[in-house]
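Student:
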Amino acid sequence: MNNPIEAVRLADPYPGYAELVAERPFAFDPAVGAWVAADAAAVRAVLGSAALRVRPVADPVPAGIVGTAAGDVFGDLVRMTDGGLQQRLKGVVAAALSSADTAYAARLAAEQTRAALKDGGEVPFEELMFAVPARVVAALCGLDADGSAEAARLTGDFVQCIPALATPEQQRVAALAAAGLRTLLGPGIDRPDPAGNGLLAALVRAARDAAWSRTAPLLANAVGFLSQTYDATAGLIGNTLLAQARGEELPKTPAATEAFVQEVSRHDAPIQNTRRFAAEPFRHGTAEVAPGEQVLVLLAAANRDPAVNPDPHTFRTDRTAPVVFTFGAAAHRCPGQRLAVSVAGAVTETLLDCGVDPAGLLSQTGSVTYRPLANARIPVL
Ligand code: HEM
């Protein structure tokens, strides 16, 4: 494989990943300027190590957004911080998300999908992949229809500051968006409905139960609910539609749809990689990562490691206990998986019910292009 970052948007990155898993499961790649973890053992070890952090020690927040609303939000996200305090806040965030009513989220996603199709004409795939999941999560946070639509739009702007190569203009727009998102979500944190069953009321209750008193990190992580949903769920919906276009039949029951979407998340991961930064020396086998060095963690490659998933290249919805790294592992494991799978399942199922045939999504040569992103695999539909 030439460059595992470019792999994210190749039509078929999987033979290259398989080569890495077999031949260089954990090695330094000068082209990337980082260690690359490809097999399941290396990915597990890297994600489980306290020596490896989610941000460079000297650069906890990207320089271009320090001192802005985007920087304040970024610096308080459990996703972007490590250590004991992060784990306490993670407990609060995970408790809130575990209380999410996924059946209600699926109903909202189905309604939104029908509404997006109601005028007929071209199927608005962009809206279905990005805006619908974000609007659903915003609605779970207690926003009304207009507020949810505005939150979805602002989330699209906010996530632009997350890639390492964000431009100053993207960072400026993201800072405005972060401020807008805090204004929309702030009342739900400051004055939660005590009997409320939404995500923000659950977040505030979980914080109280954990004796967590600072509200700014709660608000930042409420913004995080939206930003973590955005690209990743778009990729999951897009890749589920493509699996159908390639001939996999979407089953009719909700449980079978869920198994289908879970297998898509393993077989064609919407988040293909993540990164870690060594704060202390890290050893794996004979390799030693020095402080200051980076590790590119190939989640999508490890999903297809035959050591953990037999016959890994075959799409099979009847796997018993598949090992899936798409949602991370260990301290930073994604607490939004259940929600993402329900929403993606509801959107794709509703499209089928409304007569949209994914077969037409592939060009005559069967190819598809992907957005030029460094870690999310999102088809342009
Ligand atoms: C297909 C959809 C999704 C995928 C593939 C995904 C994937 C991931 C991955 C890989 C991580 C860990 C990153 C790392 O360790 O470097 C993560 C963390 C996280 N995700 Fe998701 N995610 C998805 C949807 C969601 C949704 C819908 C939510 C919430 C509404 C969410 C909330 C979070 C949070 C809060 C974290 C940070 C956890 C921590 O750092 O401790 N995710 N996600």
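Residue 873 is where the sequence shown starts when you use the numbering used here, and the numbers rise one by one after that. For glycine and all other residues, C-beta sits at the position ideal for the given N, C-alpha and C. Note that the structure is predicted; figures quoted are calculated from it, not measured.
Taking buried to mean at least 16 other C-beta atoms within 10 Å of its own C-beta, is Val-893 buried or exposed?
Tutor: Counting Cβ neighbours within 10 Å, Val-893 comes out buried, since at least 16 surround it.
Student: Can you tell me which of the three DSSP states Phe-1199 falls into?
Tutor: coil
Student: Looking at the structure shown, is Thr-1146 part of a helix, part of a strand, or coil, going by DSSP?
Tutor: strand
Student: Let's test the definition: count the other Cβ atoms within 10 Å of the Cβ of Thr-1222 and tell me whether it reaches 16, buried, or not, exposed.
Tutor: Under this definition Thr-1222 is a buried residue.
Student: Following the continuous alpha helix (DSSP H) through Phe-946, name the residue where it begins and the one where it ends.
Tutor: 941-948
Student: Can you look up Ala-972 in the DSSP assignment and give me helix, strand or coil?
Tutor: Under the three-state reduction of DSSP, Ala-972 is assigned to coil, being neither helix nor strand.
Student: Could you name the residues that DSSP lists as bridge partners for Gln-1166?
Tutor: Phe-1149
Student: Roughly how many whole angstroms lie between the Cα atoms of Gly-936 and Thr-1237?
Tutor: 42 Å
Student: Should Pro-1207 be listed as close to the ligand HEM, given that the test is whether its C-beta is under 7 Å from any heavy atom?
Tutor: yes
Student: Any chance the CB of Gly-920 is under 7 Å from a heavy atom of the ligand HEM?
Tutor: no
Student: Is Thr-1146 near the ligand HEM, with its Cβ less than 7 Å from a heavy atom?
Tutor: yes
Student: Give the straight-line distance between the Cα atoms of Pro-876 and Pro-885, rounded to the nearest whole angstrom.
Tutor: 8 Å
Student: Does Val-1252 pass the burial test, meaning 16 or more other C-beta atoms within 10 Å, or should it be called exposed?
Tutor: Counting the other CB atoms within 10 Å of its CB gives Val-1252 a total below 16, which places it among the exposed residues.
Student: Going by the beta-carbon positions, is the gap between Ala-1023 and Ala-1051 smaller than 8 Å?
Tutor: no
Student: Which residues in the same chain as Gly-943 place their Cβ atom closer than 6 Å to its Cβ, once the five residues preceding and following it in sequence are excluded?
Tutor: Val-933, Ile-937
Student: What residue range is occupied by the uninterrupted alpha helix (DSSP H) comprising Arg-1080?
Tutor: 1071-1081
Student: As a quick exercise: from Leu-1224, Gln-1209, Gly-1028, pick the residue whose alpha carbon is nearest that of Pro-1123.
Tutor: Leu-1224
Student: Exposed or buried, Ala-1011, counting other C-beta atoms within 10 Å across all chains shown (16 or more means buried)?
Tutor: buried
Student: Given a cut-off of 8 Å, decide if Pro-1153 and Ala-917 are closer than it, judged by their beta-carbon atoms.
Tutor: no
Student: Excluding the 5 residues preceding and the 5 following Ala-1201 in the sequence, name in chain order all residues of the same chain whose CB lies nearer than 8 Å to its CB.
Tutor: Val-915, Arg-916, Leu-919, Gly-920
Student: Between which two residues does the alpha helix (DSSP H) carrying Asp-1062 extend?
Tutor: 1040-1062
Student: In three-state terms, what does DSSP make of His-1185?
Tutor: It is coil, neither helix nor strand.
Student: Thr-1125: buried (16+ other C-beta within 10 angstroms of its C-beta) or exposed?
Tutor: exposed
Student: Nearest to Asn-1175 by alpha carbon, out of Ala-1193, Gln-1166, Pro-1163, Glu-1160?
Tutor: Ala-1193
Student: What I want to know is whether the C-beta of Lys-990 ends up closer than 7 Å to one or more non-hydrogen atoms of the ligand HEM.
Tutor: For the ligand HEM, not one heavy atom lies less than 7 Å from the Cβ of Lys-990.
Student: Nearest to Arg-1243 by CA position, among Glu-998, Arg-1138, Gln-1209, Val-1008, is which residue?
Tutor: The closest CA to that of Arg-1243, considering only Glu-998, Arg-1138, Gln-1209, Val-1008, is found on Glu-998.
Student: Tell me the residue span of the beta strand (DSSP E) that contains Phe-898.
Tutor: From DSSP, the beta strand (DSSP E) with Phe-898 extends over 898-901.
Student: Please report the residue range of the beta strand (DSSP E) in which Arg-1155 lies.
Tutor: Segment 1154-1156, the beta strand (DSSP E) holding Arg-1155.
Student: Out of Leu-1233, Asn-1145, Asp-1229, which has the shortest C-alpha to C-alpha gap to Val-880?
Tutor: Asn-1145
Student: Excluding the five sequence neighbours on either side, which residues of its own chain have a C-beta within less than 8 Å of the C-beta of Cys-1226, listed in chain order?
Tutor: Thr-985, Arg-986, Leu-989
Student: Per the DSSP calculation, Val-926 is bridged to which residue(s)?
Tutor: Answer is none; Val-926 lacks a bridge partner.
Student: Taking C-beta to C-beta, are Arg-1210 and Thr-1039 nearer than 8 Å?
Tutor: no
Student: Let's test the definition: count the other Cβ atoms within 10 Å of the Cβ of Asn-1111 and tell me whether it reaches 16, buried, or not, exposed.
Tutor: buried
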